[in-house]
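In my numbering, the protein residues as written are 87 to 317.
We treat Cβ as the ideally placed atom computed from N, Cα and C, and that holds for glycine.
Step one of this worksheet: look at the structure below.
This is the structure in structure tokens:
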């Protein structure tokens with residue numbers, strides 16, 4: 087079974103609905119973005135925090151987002167994200183990324199039972215609110231939908247209608263797993279900032295070309311020359 091099978095032929099047209107609940111997972115900063123270490127060195131944890139802060143700021147600025155829930159146990163990231171206006175869930179269940187997302191989605195449903203829910207990567211430092219709004223508007227009114235990352239292997243957003251379960255399968259080749267599970271793939275051509283997550287130095291360079299958020303710009307400045315090249 088491939089990423090091009092087991093998906094609806096056409097999405098159900100979106101309908102009027104309450105604002106979205108977005109769930110973002112943030113690893114403890116000491117363990118976050120390990121693949122970025124070779125490029126960023128001791129700046130790795132600071133970059134991970136900056137990415138999360140810029141992602142949450144942009145998500146909260148999206149006109150279609152009613153609330154942002156962050157699942158994290160990190161003692162620094164949690165308060166910083168809460169100050170932005172995110173609801174921070176520090177009672178992460180353990181077991182990794184997908185249990186954390188399922189936990190956040192369940193909490194979102196308890197406080198806003200009639201709202202659609204989406205899991206969003208927390209490492210989208212170039213995220214633009216208008217592009218996120220276009221992605222959310224493309225989600226069918228029933229079932230689940232996802233947006234693949236820029237390389238087309240992983241997933242940066244998984245969404246579900248109010249009457250559906252999220253069932254996250256993030257990590258590695260999650261695009262194929264989400265498609266095989268019946269989720270509709272969103273294929274908008276003009277939302278690069280929602281697809282550009284950052285795991286490596288090359289990813290950061292690509293995100294920088296889109297325009298990083300202010301915290302990510304500041305945290306990464308030392309890694310680039312004034313002309314924009316990697317040091």
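query                                                                                                                                                                : result
Would you mind sorting residue 178 into buried or exposed? The rule is 16 or more other CB atoms within 10 Å of its CB.                                              : buried
DSSP state of residue 101, grouped into three classes?                                                                                                               : Model confidence at residue 101 stands at a pLDDT of 39, short of 50, so the residue's coordinates are unreliable; what they give is reported in the following sentence. Looking at residue 101 - three-state DSSP - the assignment turns out to be coil, as it is neither helix nor strand.
Measure how close the beta-carbons of residue 174 and residue 203 come, nearest whole angstrom, since I'm counting them as under 8 Å.                                : Going by Cβ atoms, the distance from residue 174 to residue 203 rounds to 17 Å, so no, they are not a contact pair.
Checking the sheet assignment: what are the DSSP bridge partners for residue 272?                                                                                    : 233
Residues in its own chain within less than 6 Å of residue 285 by CB, not counting five upstream and five downstream?                                                 : 121
Using a Cβ-Cβ cutoff of less than 7 Å, which residues in the same chain neighbour residue 168 once the five nearest sequence positions on both sides are dropped?    : 174
Would you please state the rounded distance, in angstroms, between the beta carbons of residue 111 and residue 265? I believe it to be under 8 Å.                    : No, residue 111 and residue 265 are not in contact; Cβ-Cβ is about 21 Å, not under 8 Å.
In angstroms with no decimal places, state the Cα-to-Cα distance between residue 132 and residue 305.                                                                : 7 Å
Terminal residues of the continuous alpha helix (DSSP H) containing residue 302?                                                                                     : 300-306
Thinking C-alpha only, which one of 248, 138 and 303 is nearest residue 200?                                                                                         : 248
So if DSSP puts residue 111 in a beta bridge, which residue, or which two residues, is it bridged to?                                                                : 157
Between which two residues does the alpha helix (DSSP H) carrying residue 163 extend?                                                                                : 163-170
Hey, could you find the ends of the beta strand (DSSP E) residue 266 is sitting in?                                                                                  : Not the beta strand (DSSP E): residue 266 falls in the alpha helix (DSSP H), residues 260-266.
For residue 107, which residues of its own chain have a beta-carbon under 7 Å away from its beta-carbon, when the five flanking residues on both sides are left out? : 152, 153, 155, 194, 198, 201 and 203
Could you tell me the alpha carbon to alpha carbon distance between residue 287 and residue 191, rounded to whole angstroms?                                         : 31 Å
Can you tell me which of the three DSSP states residue 125 falls into?                                                                                               : helix
Can you list, in chain order, the residues of its chain whose CB lies under 6 Å from that of residue 123, leaving out five sequence neighbours each side?            : 130
What would DSSP say about residue 173, mapped onto helix, strand or coil?                                                                                            : strand
Taking the alpha-carbon positions, what's the residue 261 to residue 310 distance?                                                                                   : 32 Å
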